[in-house]
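With UniProt numbering, letter number 224 in the sequence shown gets 224, and the count goes up by one each step, no holes.
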Amino acid sequence: MIEVANRLHTVEEYYFSKKLREVNLMIANGKPVINLGIGSPDLQPPQKVVDAIVDSLKNPAAHKYQSYQGLPELRQAMANFYKSNFKVSLSPNTEILPLIGSKEGIMHISMAFLNEGDEVLIPNPGYPTYQSVTKLVGAKGVLYNLDAGNNWMPDFEALEQQDLTKVKLMWVNYPHMPTGAKPSKYVFETLVAFAKKHNILIVNDNPYAFILNQEPTSILSVEGAKEVCLELNSLSKTFNMAGWRVGMVVGDGTLISHVLKVKSNMDSGMFYGIQKGAIEALNCSNMWFATLNSVYQKRRELVWQLAEALNCTFSKEASGMFVWAKLPAYMKSEEYIDMILKEHYIFITPGTIFGSQGEGYIRFSLCATTEDLQEAITRVS
């Protein structure tokens with residue numbers, strides 16, 4: 001029997017990978033399950049994006065290996081996007097690295113900067129991949145708790161009381177997933193000062209900036225942030241291109257060059273046509289965001305009704321493509337969602353998959369039609 005690598009003993013199969021097998025089996029057996037668990041956009045990308053990838057197939061260069069750094073015009077489009085939307089100036093030659101989805105960037109950055117035994121500050125609740133990738137590279141995750149009382153922002157006083165001597169990297173994610181909490185400029189400024197004081201690399205994971213958020217922002221807009229910060233971004237949610245796998249990491253050129261060393265040894269470049277489509281997406285006008293958010297606004301109002309029907313409470317100030325809702329007292333997240341799935345055939349994400357601070361919460365996705373949401377409300381009312 002061939003033994004697996006020790007690193008595999010540190011992680012488990014991704015929650016959604018397991019749970020969706022159960023959900024899909026129910027559907028296969030004729031159960032009318034409404035899936036409000038997954039944040040996979042069900043809307044279409046802009047038509048000109050699809051047209052661009054179709055037209056690209058006629059180009060003789062389309063089927064060749066592509067540059068590890070992506071097309072120069074893609075990096076320029078990313079630079080223009082950051083300048084127009086975040087007021088952040090980036091060199092397309094040295095400060096932008098296109099990624100095959102920003103999720104791979106979590107691994108690339110971790111491999112580029114973490115040694116075995118280094119410590120990593122990870123938000124609780126937060127995206128589970130931060131923790132699993134940290135374990136896979138042999139580093140040690142140190143959870144920092146976020147809670148509603150502090151609007152799901154870091155408690156810097158508590159962080160300063162910890163031993164930070166082994167901390168090399170800190171993951172932050174604002175606007176926050178799963179809670180939808182939006183950062184203030186003060187929080188970003190404090191994060192930059194904290195990173196400089198303790199010589200920590202801050203990485204802000206920023207894929208939800210444009211979903212139901214009137215004030216998109218980047219941590220790199222803070223003076224001096226490039227010295228100690230990288231930012232991940234993605235076209236998945238912003239342009240309904242999740243399956244296309246287009247992301248980016250941006251920041252100081254030296255930091256980016258270290259990430260490129262890893263990336264260039266792990267893939268052979270992004271497909272030409274996808275890059276051409278991504279360029280068209282990044283060049284969309286603000287009308288695209290207005291149209292997209294009008295759909296999500298209607299869906300969110302229905303999800304609020306659903307949450308109220310389930311006796312949950314939530315913040316109407318949150319952004320993003322989810323609604324983070326607090327369960328009635330004494331209810332456990334996973335037990336509750338299993339009950340709703342069994343009794344009403346509605347799948348909702350339990351807050352516990354994002355960490356212990358998610359106990360007592362559930363997360364609704366807005367990636368469902370208004371018809372499905374209205375049906376869900378009818379089932380539980």
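No residue lacks a Cβ here, since even glycine has one placed at the ideal position from N, Cα and C.
Inset, instruction - With a 10 Å radius around its C-beta and 16 neighbouring C-beta atoms as the bar for buried, classify ALA368 as buried or exposed. - result: buried
Inset, instruction - Would you mind stating whether PRO72 and PRO92 have Cβ atoms separated by less than 8 Å? - result: yes
Inset, instruction - List the endpoints of the continuous beta strand (DSSP E) containing TRP171. - result: 167 to 172
Legend entry - Helix, strand or coil at SER234 according to DSSP, with G and I counted as helix: strand
Inset, instruction - Consult DSSP for TRP152 and reduce its assignment to one of helix, strand or coil. - result: coil
Inset, instruction - Starting from ASP51, follow the alpha helix (DSSP H) in both directions and report where the run begins and ends. - result: 47 to 56
Inset, instruction - Please classify SER110: is it buried, with 16 or more other beta-carbons within 10 angstroms of its beta-carbon, or exposed? - result: buried
Inset, instruction - Determine whether the Cβ of MET331 lies closer than 8 Å to any Cβ atom of chain C. - result: Chain labels in this structure do not include chain C; a single protein chain is all it has.
Legend entry - LYS237 beta carbon less than 8 Å from that of TYR208: yes
Legend entry - Classification of GLY313 by the beta-carbon crowding that lies within 10 angstroms, buried from 16 upward: According to the sequence as given, residue 313 is Thr; it is not Gly. Answer is exposed; the Cβ neighbour count stays below 16.
Inset, instruction - Report the option in THR165, ILE337, ASN124 whose CA atom is closest to the CA atom of LYS197. - result: THR165
Inset, instruction - Specify, as a first and last residue, the run of the beta strand (DSSP E) that MET248 falls within. - result: 247 to 251
Legend entry - Minimum C-alpha distance to ARG299 - residue among PHE364, THR254, VAL133: PHE364
Legend entry - Option in LEU235, ASN283, ILE200 with minimal Cα separation from ASN206: LEU235
Legend entry - DSSP bridge partner residues for LYS140 (one or two, in chain order): GLU119
Inset, instruction - Take ASN24 as the anchor and find which of GLY351, TYR345, PRO350 has the nearest alpha-carbon. - result: TYR345
Legend entry - Outcome for ARG7 when other beta-carbon atoms lying within 10 angstroms are tallied against a minimum of 16: exposed
Inset, instruction - Check ILE27 in the structure and name its three-state DSSP category. - result: helix
Legend entry - Same chain, Cβ closer than 7 Å to THR94, five either side skipped, listed in chain order: GLY253, ILE256
Legend entry - Start and end residues, alpha helix (DSSP H) containing ARG300: 286 to 309
Inset, instruction - Measure the CB-CB distance between SER319 and ASN240 and report whether it falls below 8 Å. - result: no
Inset, instruction - Note down the Cα distance separating GLU119 from VAL246, rounded to an integer number of angstroms. - result: 29 Å
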